[in-house]
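For reference, the structure is listed below as structure tokens.
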């Protein structure tokens, strides 16, 4: 009798452990590191579908250089995700410019030390103001070119709808999990039904 009670206690103690190892049957656990997130391929049915329908106005048309999404016919979700990740990897590896002025000219006018210090201060301020905008522009151009050469069409989108499943990099990098989740939403759109709106080209 003693042994039966002991065996029952051991069995009960093991239940929470088993439940923790596989909390939801069939569901894969989320990655735990940046490297794992970069290789994460989720089930498309578990991804939130972005809203693409909107009533176009003049402001939307003016902003299609910034706010858009990609689509390619006969493309699977995993393939689209791989293409977006490849282009995103190229875009995030680009170097950013600095905006330091000509300190030699400033030194000639104000003296060596004053010219160098003043030039450094002005340059640092200019870099803080203009570098994030240039980084965003550089990324947009890089993504557009890369996806265009992979055969994807580009379609305009309302700014608020775009911001729901896209990101921009300026003064700071995007958290890897957020980046990959949004890339997955973009891949869902890129491999989904063909849009009925106008293809914007490159």
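In mature numbering (1 follows the signal peptide of the UniProt record, and there is no 0), the protein residues as written are -19 to -1, 1 to 183.
Using N, Cα and C, we set each Cβ at its ideal position, and we do this for glycine too.
Asked: Close beta carbons around residue 23, own chain, < 7 Å, minus the five adjacent residues each side; Found: 165
Asked: Secondary structure of residue 53, DSSP reduced to three states; Found: coil
Asked: Backbone CA spacing between residue 99 and residue 117 [nearest angstrom]; Found: Only weak support exists for where residue 99 lies, its pLDDT of 48 falling under 50; the coordinates are left without a value.
Asked: Terminal residues of the beta strand (DSSP E) in which residue 136 lies; Found: 134 to 137
Asked: Burial state of residue 138 (16 or more Cβ within 10 Å); Found: buried
Asked: Which listed residue (167, 161, 175, 173) has its alpha carbon closest to that of residue 11; Found: 161
Asked: Buried/exposed call for residue 169, threshold 16 Cβ in 10 Å; Found: buried
Asked: Whole-angstrom distance between residue 16 and residue 63, CA atom to CA atom; Found: 15 Å
Asked: Three-way DSSP call (helix, strand, coil) for residue 172 in this model; Found: coil
Asked: Secondary structure of residue 62, DSSP reduced to three states; Found: helix
Asked: Meets three-Cβ-pair contact criterion under 8 Å: the region 50 to 57 and the region 129 to 145; Found: yes
Asked: Span of the alpha helix (DSSP H), counted from its first residue to its last, around residue 18; Found: 15 to 19
Asked: Per-residue DSSP class, three states only, for residue 122; Found: helix
Asked: Top-ranked residue by Cα proximity to residue 146, from 38, 167, 154; Found: 167
Asked: Anticipated Cβ contact below 8 Å, residue 125 with residue 183, distance rounded; Found: 6 Å
Asked: Residue 183 in three-state terms, based on DSSP; Found: coil
Asked: Rounded straight-line distance, which links the Cα of residue 48 to that of residue 143; Found: 6 Å
Asked: Buried or exposed (CB count within 10 angstroms, at least 16 for buried), residue 69; Found: buried
Asked: Test item: CB-CB of residue 120 and residue 72 under 7 Å; Found: yes
Asked: Proximity of residue 155 and residue 148 at Cβ, strictly below 7 Å; Found: yes
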